[in-house]
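Enquirer:
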Amino acid sequence: MTNEGLLPCYVALLEQEELDRRAQEARGRYSCCTLCPRQCKANRLAGEKGVCKVLDVAIVSSAFAHFGEESVLVGRHGSGTIFFSECNLRCVFCQNFEVSHGGEGREVSDDVLARIMLRLQDEGCHNINLVTPSHVVPNILGALSIARRQGLRLPIVYNTSAYDSLDTLRLLDKVVDIYMPDFKFASKALS
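Going by the numbering used here, the first residue of the sequence shown is number 56, and it counts up by one from there.
1) Just verifying my parser: in three-state terms, what is the DSSP assignment at Ser116?
2) Hey, Asn151 and Arg93 are a contact pair by Cβ (cut 8 Å); roughly how many whole angstroms apart?
3) Would you mind giving the Cβ-Cβ distance between Val212 and Leu185, rounded to the nearest angstrom? I have them listed as a contact below 8 Å.
4) Is the beta carbon of Phe119 closer than 8 Å to that of Thr136?
5) Rounded to the nearest angstrom, what separates Val167 and Phe238 at their Cα positions?
6) Under a three-way DSSP split, which group does Asn58 fall into?
7) What first and last residue would you give for the beta strand (DSSP E) that runs through Thr215?
8) Hey, out of Arg208, Met172, Ala169, Gly158, whose CA is closest to Val106's CA?
9) Output the boundary residues of the beta strand (DSSP E) element that contains Pro236.
10) Would you list the one or two residues that DSSP bridges to Phe139?
11) Relative to the C-alpha of Arg145, which candidate in Gly179, Cys91, Arg161 has its C-alpha closest?
12) Is Leu247 helix, strand or coil by DSSP?
13) Return the chain-ordered list of same chain residues with a C-beta closer than 7 Å to the C-beta of Leu110, the five sequence neighbours on each side being excluded.
14) Taking contact to mean at least 3 C-beta pairs separated by less than 8 Å, is the segment 114-129 in contact with the segment 68-82?
15) So, with DSSP's three-state summary, where would you put Asn194?
16) Taking 6 Å as the limit between beta carbons, can you name the residues of its chain near Cys87, skipping five residues before and five after?
17) Here's the rule: buried if 16 or more other CB atoms are within 10 angstroms of the residue's CB, otherwise exposed. What is Val66?
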């Protein structure tokens, strides 16, 4: 599994300064949060937390070469997985309850998040796999802009609960290479 000769989607956007524009637009949404379908309108820039319980700084629970994803993502060196803490969906049956509900992890600036991405690339990971990213898209876009300028060249996997707003997904158009939504269930009887 190699990425030689192929460039991730976000490379062209950075060259056009579009990635920076989108990061700035997304960050503005923190003032009246509408990043997910809950549309909680919390002013995350002023210290208000919405349903996701996160301010304007991403909380990273862990980041490592993950071998438990689909084989096409893992390859020989693993998927460079970044697990974000908290979640906008709040499923009571979540397999990562400590992370998604408990806030396990540490706050990281966009610069630190960019360094994490670059470290995963240096470790030989085949992609950057963003797990539960919906509520921190502004931080992700900011970090991608920084990391690309420092040589990031891996494709981006958006590993989401699928509870995303269309406006937020539009910001990610031509940024994300692989969308990997988790389908939870269709009815109470099936769950």
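Here a beta-carbon is modelled for each residue, glycine too, at the ideal position from N, C-alpha and C. Bear in mind the structure is a predicted one, so any value in this text is a computation, not a measurement.
Expert: For this structure:
1) In the three-state DSSP reduction, Ser116 falls in the strand class (E or B).
2) About 19 Å; that fails the 8 Å criterion.
3) The Cβ separation is near 7 Å, so the contact holds.
4) Inclusion of Thr136 and Phe119 in the CB contact set at 8 Å is warranted, their separation being smaller than that value.
5) As the crow flies, the alpha-carbon of Val167 is around 31 Å from that of Phe238.
6) Any answer about Asn58 is weak, because its pLDDT of 49 lies below 50 and its placement is not dependable; what the coordinates show is given next. Reduced to three states, the DSSP call for Asn58 is coil.
7) For Thr215, the enclosing beta strand (DSSP E) begins and ends at 211-215.
8) Of the candidates Arg208, Met172, Ala169, Gly158, the residue whose Cα lies closest to the Cα of Val106 is Gly158.
9) Where Pro236 is concerned, the enclosing beta strand (DSSP E) stretches over 233-236.
10) In DSSP, Phe139 forms a bridge with Val115.
11) It is Cys91.
12) What is shown of the chain runs 56 to 246, which leaves residue 247 out entirely.
13) Counting only Cβ-Cβ distances below 7 Å, and skipping sequence neighbours, we find Arg99, Gly102, Lys104.
14) Too few Cβ pairs lie closer than 8 Å, so no.
15) DSSP places Asn194 in helix when its eight states are reduced to three.
16) So the list reads Lys96, once near-sequence residues are dropped.
17) In this structure Val66 is exposed. Its beta-carbon is surrounded by fewer than 16 other beta-carbon atoms within 10 angstroms.
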